[in-house]
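2 protein chains.
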Amino acid sequence: MHIQTFAAAALAALIPATSASAQTPVEPPTPASIIAAAPAADWRAIDPADLLVMDLAPDREGQARQVIIQLLPPPFSQGWVENIRTLAAAHWWDGTSVYRVVDNWVAQWGAGEDEAGQSKALPAGIVPVPESAYVTAVRRGPEDGYDHVLTGRGGQDGREDIVVSRWLDPYAIGAHVAGWPIALDSEGDGTAWPVHCYGAVGVARDLSPDTGTGAELYAVIGHAPRQLDRNIAVVGRVIEGIEHLSVLPRGTGEAGVYRTAAEHTPIRSVRTGDALPAAEQPRFQYLAPRSDSFARYLAVKANRQDTFYKVPAGGVDLCNAPVPIRRMEP
Amino acid sequence: MHIQTFAAAALAALIPATSASAQTPVEPPTPASIIAAAPAADWRAIDPADLLVMDLAPDREGQARQVIIQLLPPPFSQGWVENIRTLAAAHWWDGTSVYRVVDNWVAQWGAGEDEAGQSKALPAGIVPVPESAYVTAVRRGPEDGYDHVLTGRGGQDGREDIVVSRWLDPYAIGAHVAGWPIALDSEGDGTAWPVHCYGAVGVARDLSPDTGTGAELYAVIGHAPRQLDRNIAVVGRVIEGIEHLSVLPRGTGEAGVYRTAAEHTPIRSVRTGDALPAAEQPRFQYLAPRSDSFARYLAVKANRQDTFYKVPAGGVDLCNAPVPIRRMEP
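Which chain is which? The protein sequence lines are A and B, in order. The numbering used here numbers the first residue of the first sequence as 1 and each following residue consecutively. The numbering used here numbers the first residue of the second sequence as 331 and each following residue consecutively.
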């Protein structure tokens, strides 16, 4: 069988992934067209210092494999995020590996333990984080109608607004804060927490009250395992290169750990973006949750009306409408 | 870095996948322990005739790659399912390939089109299926309280009960029918339809009113794309070997189609299970939705209380509680 790329592409486009809708002017908006039309004012820059750049060893064809992780902003999971900054600054992950991959679950990396059950020694400054840090207090915001969380950024009153989603979430009240999907148990005077969506990065841990240091991390490579919310620290999300983790062979040992060292994927280096030379620092932006563009994006995600769709869904779960993120030229 | 398998496994078990809980007798039930304890009476056999056995070419290490797909039972999507039986009987997929893979979306296979835009000729007996077949009528069941769908199996009155889930679904009313996750727009006198969960198999199509023949199929390899429900025909689900599709390299051509023929994964053969020699016919069972075991399974999926979990989720979406399926000795 021989397939020309153009012909196969024409067929394959029948299930649209994220194709733009430039061809037919009368086409109703799609998520892609809304993102493309969003004005510059609706986008926010991501500080390179809030990115982890993980270089895996090249693949069999010698192709580079870079995974870029955005770290959660204050006030979410900051104890673990600070540990992760310390580990990256110490080059702790360099020479470790991806050692566990479970289908529709996670890819996990770090140093694991040696034959004596000992972990690789951690750098100075790693601190234990209490389980109370899994959630964050929600402050009522009667002055402008927006509940918020305190961030400490820009002084004691630094805050980020909580933008509650009108779309039902089966686990909690869905919302967005500073470009992140966040769940709430109550609108005001309750708690908020980051959620496990596809690509979410979390902190592997032993049994409670241990919460993990951040040295062993995983990324979600399947359907959102929301049962882990508030039970494991979410510290970030893969914003580029998730396919370098999601295509890795599934481990056949206990709990999906690889049976042999040869199966591991070596990690060459992990750095925060600001530790790279200026020209190599990755630049990304996210679509601001309080923007009109974001509101339109969510509404269209919940009710597609472009040509391919005959029946709008009438809803969208928090993890099925990823916050739009785009890469910028440096 | 060197990691002994046992030590790494001990660490990796910190994020439990489907580990049983045999070690601590006082442990509250887990989904795995409930499945393990389910009595034989709570399981239903899957007819090998309702399975598609897809053999891909061996991988680079020469390992066999078999994907087993369960086809939807009546009354769901039967027009497409019948086409698929016709295609398998004609050995139509033999020599075709997996030609499109998109991360967190789908792996797609079949013959695609040649350079003249022509599809591989279809066997006799392939029939067009109308869009009305995306949904099925729900019958009220006042006589015993269970709404149901008519199957035609076992005569005109053949029926399958609809077991509505108490757990909120963001897209519809969640339910289970004959071991399948099903969505409803109303409890009785409305419609029911199969849903796109991880592993779901659907029928690629051109723009409406075309609904696809079933010759080009895809499997979901990411977060459940529920917006496709009622817009594309779901015809089955991968019940074994999904990892042979989910690890395939992502296509870099338009819409994720591979750029070169060399990237395609050849399909050696696709057969219904009953077309195989008796000794090779795969035997599976599913946990019956009306069983106590299934009710317990769903409740525990929604509220994990075993040692690893500190905060029960308080809910579970339809796709985050896959119907338990087990392989039996032939």
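Using N, Cα and C, we set each Cβ at its ideal position, and we do this for glycine too.
*Between which two residues does the alpha helix (DSSP H) carrying VAL300 (chain A) extend?*
292-302
_At the 8 Å Cβ level, is ALA451 (chain B) part of the contact set with chain A, yes or no?_
no
*How far does the alpha helix (DSSP H) with ARG415 (chain B) in it reach, from first residue to last?*
408-419
*With a 10 Å radius around its C-beta and 16 neighbouring C-beta atoms as the bar for buried, classify GLU143 (chain A) as buried or exposed.*
With fewer than 16 other Cβ atoms within 10 Å, it is exposed.
*Leaving out five residues before and five after GLN305 (chain A) in sequence, what residues of the same chain have Cβ atoms less than 7 Å from its Cβ?*
PRO28, PRO312
*Return the chain-ordered list of same chain residues with a C-beta closer than 6 Å to the C-beta of GLY488 (chain B), the five sequence neighbours on each side being excluded.*
THR481, GLY482
*Take ALA75 (chain A) as the anchor and find which of A:GLU280, A:HIS223, A:VAL149 has the nearest alpha-carbon.*
According to the sequence displayed, residue 75 (chain A) carries Pro and not Ala. Residue A:VAL149 is the option with its Cα nearest to PRO75 (chain A).
_ASP185 (chain A) versus A:ILE173, A:VAL195, A:PRO194, residue with shortest Cα-Cα distance_ = Among A:ILE173, A:VAL195, A:PRO194, the Cα nearest to that of ASP185 (chain A) is on A:ILE173.
*Any chance the CB of ASN320 (chain A) is under 7 Å from a heavy atom of the ligand MG?*
Judged by which ligands are present, the structure shown has none, so any question about the ligand MG falls away.
*From LEU648 (chain B) to HIS553 (chain B), what distance separates their C-alpha atoms?*
12 Å
*Would you list the one or two residues that DSSP bridges to TYR548 (chain B)?*
B:GLN438, B:GLY532
_Closer than 8 Å to chain B by CB, GLN66 (chain A)_ = Taking 8 Å as the threshold, the shortest C-beta distance from GLN66 (chain A) to chain B does not fall below it.
*Close Cβ partners of LYS450 (chain B) (< 6 Å) along its chain, the five nearest in sequence each way excluded*: ALA441
_Between which residues of its own chain and THR252 (chain A) is the CB-CB distance below 8 Å, once the five residues before and five after are set aside?_
TYR258, ARG259
_Between which residues of its own chain and GLY214 (chain A) is the CB-CB distance below 7 Å, once the five residues before and five after are set aside?_
Excluding sequence neighbours, GLY214 (chain A) sits near TRP80, ASN83, ILE84, LEU87, VAL203, VAL235.
*Compare the beta carbon distance of ASP169 (chain A) and ALA183 (chain A) with 8 Å and say whether it is the shorter of the two.*
yes
*Are any of the Cβ atoms in chain A nearer than 8 Å to that of ASN413 (chain B)?*
no
*Hey, would you say PRO465 (chain B) sits closer than 8 Å to ASP519 (chain B), going by beta carbons?*
According to the sequence shown, residue 465 (chain B) is Val rather than Pro. Taking 8 Å as the cut-off, the beta carbon of VAL465 (chain B) is found no closer than this to the beta carbon of ASP519 (chain B).
*List the whole-angstrom C-beta distance separating VAL507 (chain B) from PRO619 (chain B), where the pair is believed to meet the contact cut-off of C-beta under 8 Å.*
7 Å
*Can you give the beta carbon distance from PRO612 (chain B) to VAL383 (chain B), rounded, assuming they're within the 8 Å contact cut?*
Under the criterion of beta carbons closer than 8 Å, PRO612 (chain B) and VAL383 (chain B) qualify as touching, at roughly 7 Å.
*Taking just the CA atoms, how far does VAL163 (chain A) sit from LEU51 (chain A)?*
So the alpha carbons of these two residues sit roughly 24 Å apart.
*asked:* Threshold first: 4 residues or longer. Then list the alpha helix (DSSP H) segments lying entirely within the region 205-271 of chain A, N to C.
replied: 243-246
*Under 6 Å Cβ to Cβ from ALA200 (chain A), same chain only, skipping five residues before and after it: list those, please.*
VAL220, VAL234, ARG237
*Less than 8 Å separating the beta-carbons of TYR616 (chain B) and ASP559 (chain B)?*
no
*asked:* Taking its Cβ as the centre, do 16 or more other Cβ atoms sit within 10 Å of GLU659 (chain B), making it buried, or is it exposed?
replied: exposed
*Simplified DSSP state of TYR699 (chain B), which is helix, strand or coil*: This structure leaves residue 699 (chain B) out entirely; chain B is present only between 331 and 660.
*Cβ-Cβ distance between TRP439 (chain B) and ILE569 (chain B) below 8 Å*: no
*GLU285 (chain B) versus chain A: which residues are under 7 Å apart at the beta carbon?*
Here chain B covers residues 331 to 660 and nothing more, so residue 285 (chain B) does not appear.
*chain B residues whose Cβ lies nearer than 8 Å to that of HIS223 (chain A)*: Per Cβ cutoff of 8 Å: CYS527, TYR528, GLY552, HIS553, ALA554, CYS649, ASN650.
*Could you give the residue range of the alpha helix (DSSP H) that holds ILE34 (chain A)?*
If you look at ILE34 (chain A), you'll find it in the alpha helix (DSSP H) that goes 31-37.
*asked:* So that I know if they touch, is there some Cβ in chain A lying closer than 8 Å to that of PHE638 (chain B)?
replied: yes
*Please say whether LEU386 (chain B) and HIS574 (chain B) have beta carbons closer to each other than 8 Å?*
The answer is yes: Cβ separation under 8 Å.
*Would you identify the three-state DSSP class for GLY174 (chain A), choosing helix, strand or coil?*
strand
*asked:* Between GLU27 (chain A) and chain B, is the shortest Cβ-Cβ distance under 8 Å, so that the two count as touching?
replied: no
*Taking ALA64 (chain A) and LEU248 (chain A) to be in contact with their CB atoms under 8 Å, please state how far apart those CB atoms are, rounded to whole angstroms.*
At roughly 15 Å, the Cβ-Cβ gap does not stay under 8 Å, so ALA64 (chain A) and LEU248 (chain A) are not in contact.
*Alpha carbon to alpha carbon, how far is CYS197 (chain A) from ASN676 (chain B)? Give it in angstroms, no decimals.*
Only positions 331 to 660 of chain B appear in this structure, which leaves residue 676 (chain B) out of reach.
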